[in-house]
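Participant: Attaching a single structure in structure tokens format; questions to follow.
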Amino acid sequence: MLVRGLALLLALTLFSLLPEPLKGRLATAGLLHECTHIAAFGITFVGIAIRVKSLAASAALAVLLIGFGAALELLQTAVYGNYLEYWDIRADAAGVALGMACQRIALAISSKSRPASLC
Numbered sequence: 003m004l005v006r007g008l009a010l011l012l013a014l015t016l017f018s019l020l021p022e023p024l025k026g027r028l029a030t031a032g033l034l035h036e037c038t039h040i041a042a043f044g045i046t047f048v049g050i051a052i053r054v055k056s057l058a059a060s061a062a063l064a065v066l067l068i069g070f071g072a073a074l075e076l077l078q079t080a081v082y083g084n085y086l087e088y089w090d091i092r093a094d095a096a097g098v099a100l101g102m103a104c105q106r107i108a109l110a111i112s113s114k115s116r117p118a119s120l121c
């Protein structure tokens, strides 16, 4: 699980910091750009937290992942000299919230489908 989580964080970082020519070619705009952020951060949250049972631990991971997304946005500002894209942080947070909802629903379904223990 740790390896998967690190791989997902690395992928987010690499895509965020692509060199300018590639970034320009792959850049999306408007709703597609926001949906990409939502999907990337939702998938990353589920990949990291799929087996986390505690709501408090899930919430802590969510806060950390949103902070990671904000840090990436700040890093992009430093590397490329562009404005801080607050709307990207908002989309990242929406993705994390969606991922957390999916993770909690999956956890509830899997716990209900397990047979009760006899002990």
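Residues 3 to 121 in our numbering are what the sequence shown spells out, letter by letter. Every residue gets a Cβ at the ideal spot worked out from N, C-alpha and C, and that includes glycine.
#1: Report the residue from I52, Q105 and L74 whose alpha carbon sits nearest the alpha carbon of A13.
#2: Is I50 helix, strand or coil by DSSP?
#3: Is the beta carbon of S56 closer than 8 Å to that of R106?
#4: If V98 sits next to L67, beta carbons under 8 Å apart, how far is it from one beta carbon to the other, in whole angstroms?
#5: Identify whether G7 lies in helix, strand or coil by the three-state DSSP scheme.
#6: Cβ of T46 within 8 Å of Cβ of L4?
#7: In chain order, what residues of the same chain have a beta carbon less than 7 Å from the beta carbon of V48, not counting five sequence neighbours either side?
Facilitator: Answer, in terms of the structure:
#1: L74
#2: helix
#3: No, these two residues do not count as a Cβ contact at 8 Å.
#4: Confirmed, about 5 Å.
#5: helix
#6: no
#7: So the list reads G101, C104 and Q105, once near-sequence residues are dropped.
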